[in-house]
Amino acid sequence: MAPTVNFACPLAVTHIGTATAIIHVDGVNILTDPVFSPAGTEWDMGILVLRNTDTPALSLATLPPIDAVLLSHEDHPDNLDEPGRTTLDGRHVFTTADGAKKLAPRPGVRAIQPWETLPLDIGSKHFDVVGTPCEHLPGGEVTGFIVTAASFGTTGGKPNALYFSGDTIYLPELAKMKEQYHISVALLNIGKATAPLPTGPMQITMDGAQAARLFKEIGADVLVPMHFESWGHFAEKREALAEALQREGVMDKVLWLEPGVKTVLA
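Shown next, in the form of structure tokens:
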């Protein structure tokens, strides 16, 4: 039985692969962290060679019309690759300050800071996009996002909202989003990604226990796991992740998405 979502307008999610998904909300399509390279593509990052093992479930040619992009960071190929960059052209894009500079001169790209709110207007539809803090690799900029709109409705007097974590470890500061928003769906980048730094291995995304803790602290209705398969630097793939979420007592709130399938939530 699918977990219950408090939400007042049509909502669906299509998971394409890794952290790439389409949020179909109130007639608008929002794409997250666009990655479309075929399986076996390699990127030499200096400290390690990244290689994907699965081809994304949708190709660029089979994407529905995309209205906006939430880009957590532009400098890692498991969040934005060469084909994915083409989805940024001519679209509304929200990303980090550093990313916005590097992606210039695209006029639709806007930098967002932690807890800053920026407007997104698509036709007659108005949304607010809020930046959320992230901690990933030292020296790099990453952002997460909250998306809300009047059409989403309210729960307990707070506006319903969607949360896309971006790449981050657990941060206590993120719990404060519960003070202002009811998070209907939390799309969390998990996988326990690990980077081999000179000082030793460093965890740079959440593991299942951290994701469950954050999920509980923000009081979300549904947890959608993403960013946990298809790459060698992910230390906690689906089986281990599911075991961790079960141990933490949140499995009844978890929605596993079948890649390429549009899953209706509300």
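Residue numbers for the sequence shown follow UniProt numbering, beginning at 1 and rising by one.
C-beta atoms are modelled at their ideal positions from N, C-alpha and C, and glycine is treated no differently.
Closest by C-alpha distance to residue i, when choosing among the options
{"i": "leucine 103", "options": "Glu116, Pro114, Thr117 and Gly84", "result": "Gly84"}
{"i": "aspartate 67", "options": "Arg51, Leu48 and Phe94", "result": "Phe94"}
{"i": "serine 184", "options": "Lys176, Tyr163 and Gly46", "result": "Tyr163"}
{"i": "alanine 39", "options": "Glu248, Lys262 and Glu229", "result": "Glu229"}
{"i": "valine 69", "options": "Ala242, Asp221, Ile23 and Gln180", "result": "Ile23"}
{"i": "residue 267", "options": "Cys9, Thr4, Asp54 and Pro65", "result": "Because the chain here runs from 1 to 266, residue 267 falls outside it and cannot be looked at."}
{"i": "glycine 219", "options": "Met177, Gly46 and Thr62", "result": "Met177"}
{"i": "threonine 263", "options": "Glu74, Val109, Asp121 and Val222", "result": "Val222"}
{"i": "cysteine 9", "options": "Asp26, Ala240, Ala21 and Glu239", "result": "Asp26"}
{"i": "glycine 153", "options": "Glu82, Thr205, His233 and Ala266", "result": "Ala266"}
{"i": "threonine 96", "options": "Gly108, Gln113, Gly90 and Pro105", "result": "Gln113"}
{"i": "alanine 21", "options": "Pro201, Ala100, Thr4 and Leu63", "result": "Leu63"}
{"i": "proline 138", "options": "Ser165, Lys158 and Pro201", "result": "Pro201"}
{"i": "serine 165", "options": "Pro159, Ile146 and Asp75", "result": "Ile146"}
Test item: CB-CB of residue i and residue j under 7 Å
{"i": "glutamate 141", "j": "aspartate 98", "result": "yes"}
{"i": "proline 196", "j": "leucine 50", "result": "no"}
{"i": "alanine 161", "j": "leucine 188", "result": "no"}
{"i": "aspartate 33", "j": "serine 59", "result": "no"}
{"i": "glycine 208", "j": "alanine 186", "result": "no"}
{"i": "isoleucine 122", "j": "valine 13", "result": "no"}
{"i": "histidine 233", "j": "threonine 194", "result": "yes"}
{"i": "phenylalanine 17", "j": "proline 77", "result": "The sequence shown places glycine at residue 17, not phenylalanine. No, they are not a contact pair."}
{"i": "alanine 19", "j": "methionine 226", "result": "yes"}
{"i": "valine 130", "j": "leucine 120", "result": "no"}
Anticipated Cβ contact below 8 Å, residue i with residue j, distance rounded
{"i": "threonine 155", "j": "phenylalanine 127", "result": "Contact flag wrong, Cβ pair sits at about 18 Å."}
{"i": "leucine 214", "j": "tyrosine 170", "result": "6 Å"}
{"i": "residue 275", "j": "aspartate 89", "result": "Not covered by the structure: residue 275. The range shown for the chain is 1 to 266."}
{"i": "leucine 174", "j": "histidine 15", "result": "Actually they are not in contact, since the Cβ atoms of leucine 174 and histidine 15 sit about 22 Å apart, beyond 8 Å."}
Residue i - partner residues in DSSP beta bridges
{"i": "lysine 125", "result": "Ile122"}
{"i": "tyrosine 163", "result": "Ile146 and Ala186"}
{"i": "valine 224", "result": "Leu187"}
{"i": "methionine 202", "result": "Ala195"}
{"i": "phenylalanine 234", "result": "Ala193"}
{"i": "phenylalanine 94", "result": "Leu70 and Arg110"}
{"i": "glycine 131", "result": "Pro114 and Phe145"}
{"i": "valine 49", "result": "Asp44"}
{"i": "valine 254", "result": "Leu223"}
{"i": "threonine 168", "result": "In the DSSP output, where bridge partners are listed per residue, threonine 168 has none listed."}
The alpha helix (DSSP H) enclosing residue i, as first and last residue numbers
{"i": "glutamate 82", "result": "82-85"}
{"i": "glycine 17", "result": "No alpha helix (DSSP H) holds glycine 17; the beta strand (DSSP E) holding it covers 11-17."}
{"i": "threonine 266", "result": "Residue identity check: residue 266 is alanine in the sequence provided, not threonine. Careful: alanine 266 lies outside any alpha helix (DSSP H) and carries neither H nor E."}
{"i": "arginine 213", "result": "208-218"}
{"i": "glycine 99", "result": "97-102"}
Residue i - containing beta strand (DSSP E), residue span
{"i": "arginine 110", "result": "109-111"}
{"i": "alanine 68", "result": "68-70"}
{"i": "threonine 32", "result": "28-32"}
{"i": "glutamate 229", "result": "First-last for glutamate 229: undefined, no H or E at that position."}
{"i": "threonine 20", "result": "20-25"}
{"i": "tryptophan 43", "result": "42-44"}
Any non-hydrogen atom of the ligand COA closer than 6 Å to residue i Cβ
{"i": "serine 230", "result": "With respect to the ligand COA, the structure shown offers nothing to examine, as it has no ligands at all."}
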